[in-house]
Amino acid sequence: MAKKNRILIIDALRGFALLGIILIHCVEHFEIFQPTDPCSPFVLGADDDVFDTVIFLVGGKAYSIFALLFGYSFFIQIHSQEIKGVDFRRTFLWRLAVLFGIGLLHSLVYRGDILHIYALMGTPLIALYTVKSRTLLILAGVCVLQVPLLVLLVESFYDPSYVYTPYYGDGYFERGESLYTTGSFWDVVRFNLYEARVVVWTWTYHTGRFFQLMALFLVGLVIARERYLENLKAKRHQIAFIGYFCLIMMLLSKLYQEAITSFQWTEAQAILVTTVVQSYLNLLYTVAICCGFILSYVYLSKYIKVFTYMASYGRMSLTNYMLQAVVGVLIFYGFGLGWWDDLGATWSLGVGSGLFLVQLWFSQQWLRYYRYGLMEWFWRALTYRDFSIPIRKNDR
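If you count the sequence shown from 1, position 257 lands on 256 in numbering that gives the first Met the number 0, and the numbers rise without skipping.
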């Protein structure tokens with residue numbers, strides 16, 4: 000029974016993270032950061048507040064939850080095969096290669112794809128699988144510190160004339176903004192093939208996402224290895240303590256971040272400190288969110304079915320994630336409906352909520368008759384090089 004509950008909460012958490020992703024993507028118009036038409040009837044006075052609220056609540060947190068669950072799922076898959084006497088690590092490496100290919104294809108439509116990044120960053124986990132949990136947590140702690148950014152920060156204080164100039168490509172970001180709003184579908188695909196990859200990878204590095212994601216991979220691996228989520232009711236007080244601690248530290252980090260503008264620092268110093276603190280804040284908030292969601296599950300799952308619905312949504316996370324981007328791009332980009340110019344943050348949030356509800360209903364209906372989501376089955380079939388794997392529940 001404990002195993003069943005653990006699987007349900009993991010799938011529900013994955014679905015919860017996916018909800019955050021669709022909401023922030025719609026509010027950001029799938030990375031079109033151009034101002035909307037102020038004369039549009041769908042641009043409201045509350046849009047700025049809605050945008051800032053969504054960014055604060057979701058920005059950098061939803062993907063972090065996915066990273067935590069990525070490490071968790073990695074251990075479960077390797078360990079379950081190890082129990083059967085099978086060394087699954089080579090197959091898992093091929094599985095990551097397949098995910099990388101799927102992610103690259105997805106990135107041709109939507110620049111912000113995270114799948115190919117997870118696939119490449121997940122490869123070190125194969126070598127770290129047998130490393131002791133304490134060592135993994137130490138490595139995670141080192142990643143959390145954001146050492147490269149701290150080195151630049153020390154340099155900026157040592158040399159006040161130091162100028163911090165992160166590289167995002169030679170005008171690639173601005174070119175993408177133009178293409179996404181006015182270009183054809185093939186213009187977007189050609190740009191996303193290379194220039195957009197430069198923007199995404201350099202941005203991920205300069206914001207400290209690489210090291211934060213790796214830290215969460217490792218923590219997720221340790222949580223799965225120690226079976227920490229198998230008896231949630233017995234650990235509810237520990238989870239509550241961790242959640243409250245992270246929440247308090249997050250609020251302190253936020254206050255410090257807001258006070259940075261009053262310090263007599265150079266522009267480079269202020270930018271680097273803000274980036275490092277934001278990385279810490281996102282990590283603390285991610286853990287706090289996970290703890291709050293798990294505690295809600297412990298106390299409320301007997302009375303409401305929302306966690307079961309979210310678990311169905313999470314079981315089809317790959318399918319739903321890719322479908323979100325395809326639909327969202329068609330709604331907001333210039334070669335589609337072009338609503339980036341018409342919808343403010345409030346209406347865009349409504350669009351994201353509507354897409355979530357449709358996908359939630361579809362996931363429930365699909366899993367009544369099928370074992371996997373469509374992309375989940377495709378990934379599995381390519382992993383084992385076997386397209387005879389049954390997808391319908393009544394097939395053997």
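Where a beta carbon is used, it is the ideal one built from N, C-alpha and C, also for glycine. Here the structure is a predicted model, which means the values were calculated and not measured.
Would you report the Cα separation of residue i and residue j, rounded to the nearest angstrom?
{"i": "P123", "j": "Y117", "result": "11 Å"}
{"i": "M248", "j": "A16", "result": "22 Å"}
{"i": "W264", "j": "L104", "result": "43 Å"}
{"i": "D385", "j": "W376", "result": "10 Å"}
{"i": "V150", "j": "Q358", "result": "44 Å"}
{"i": "L92", "j": "M315", "result": "22 Å"}
{"i": "V218", "j": "L22", "result": "26 Å"}
{"i": "L418", "j": "R208", "result": "No answer is possible for residue 418: the residues shown for the chain start at 0 and end at 395."}
{"i": "L396", "j": "T285", "result": "It is not possible to answer for residue 396, since the shown part of the chain is limited to 0 through 395."}
{"i": "K3", "j": "L271", "result": "Only weak support is given to the placement of K3: the predicted model assigns it a pLDDT of 42, under 50, and the value that follows is read from those uncertain coordinates. Their backbone Cα atoms lie some 44 Å apart in a straight line."}
{"i": "V85", "j": "S79", "result": "9 Å"}
{"i": "D36", "j": "K83", "result": "60 Å"}
{"i": "Y296", "j": "K234", "result": "13 Å"}
{"i": "T260", "j": "A269", "result": "7 Å"}
{"i": "L98", "j": "M120", "result": "12 Å"}
{"i": "L138", "j": "G100", "result": "28 Å"}
{"i": "R13", "j": "S177", "result": "33 Å"}
{"i": "D340", "j": "F41", "result": "10 Å"}
{"i": "I288", "j": "S300", "result": "17 Å"}
{"i": "C245", "j": "L282", "result": "9 Å"}
Helix or strand or just coil, what does DSSP make of residue i?
{"i": "Y371", "result": "coil"}
{"i": "R391", "result": "strand"}
{"i": "Y227", "result": "coil"}
{"i": "L107", "result": "coil"}
{"i": "H78", "result": "helix"}
{"i": "I6", "result": "helix"}
{"i": "I31", "result": "coil"}
{"i": "V130", "result": "coil"}
{"i": "G100", "result": "helix"}
{"i": "F41", "result": "coil"}
{"i": "D47", "result": "helix"}
{"i": "F210", "result": "helix"}
{"i": "A233", "result": "coil"}
{"i": "L136", "result": "helix"}
{"i": "G14", "result": "helix"}
{"i": "T90", "result": "helix"}
{"i": "I23", "result": "helix"}
{"i": "R379", "result": "helix"}
{"i": "A1", "result": "Confidence at A1 is low in this model, with a pLDDT of 37, below 50, so the placement of that residue is unreliable and no value is reported for it."}
{"i": "K253", "result": "helix"}
{"i": "A68", "result": "The residue asked about is misnamed: residue 68 is Leu in this sequence, not Ala. In the structure shown, L68 sits in a helix (DSSP, three-state: H, G or I)."}
Which same chain residues, not among the five before or five after residue i, have their C-beta less than 7 Å away from its C-beta?
{"i": "Y161", "result": "E154, S155, A267"}
{"i": "F50", "result": "V26, A344"}
{"i": "L317", "result": "G372, M374, E375, W378"}
{"i": "I77", "result": "F87, R88, F91, Y128"}
{"i": "A214", "result": "A139, C142, V143"}
Can you name, in chain order, every residue of its own chain whose Cβ lies under 6 Å from the Cβ of residue i, other than the five neighbours on each side?
{"i": "F172", "result": "V198"}
{"i": "A61", "result": "A16, G19, I20"}
{"i": "L43", "result": "G343, T345"}
{"i": "Y402", "result": "This structure cannot speak to residue 402, because the chain is shown only from 0 to 395."}
Leaving aside the five residues before and after residue i along the sequence, list all residues of the same chain whose C-beta is less than 8 Å from its C-beta, in chain order.
{"i": "A239", "result": "C290, L294"}
{"i": "L356", "result": "none"}
{"i": "R391", "result": "Y368, Y369, R370"}
* Touch test, the stretch 317-337 against the stretch 300-308, Cβ-Cβ under 8 Å, three pairs minimum -> As far as the Cβ criterion goes, the stretch 317-337 does not touch the stretch 300-308, which means the pair count is below three.
* Asked: Are at least three pairs of beta-carbons, each pair with one atom in the stretch 343-356 and one in the stretch 24-41, less than 8 Å apart?
  -> Contact between the stretch 343-356 and the stretch 24-41 is present: 3 or more CB-CB pairs across the two stretches fall below 8 Å.
* Could you give the uninterrupted runs of the alpha helix (DSSP H) lying entirely in the stretch 274-358, keeping only those of 4 residues or more? -> Counting only runs of at least 4 residues, the stretch 274-358 fully encloses the following alpha helix (DSSP H) elements, listed from N- to C-terminal order: 305-314, 316-331.
* Tell me, please, whether the stretch 57-72 touches the stretch 204-222 by the rule of three or more beta-carbon pairs shorter than 8 Å. => Yes, since at least three Cβ pairs between the stretch 57-72 and the stretch 204-222 fall closer than 8 Å, the two stretches touch.
* **Ordered list of alpha helix (DSSP H) runs contained in the stretch 154-201, each at least 4 residues** => The DSSP assignment places 171-181, 184-192 as complete runs of the alpha helix (DSSP H) inside the stretch 154-201, in order along the chain (cut-off: 4 residues).
* To do: Please confirm if the stretch 186-197 is in contact with the stretch 105-116, defined as three or more CB-CB distances below 8 Å between the two stretches.
  => The stretch 186-197 vs the stretch 105-116: in contact.
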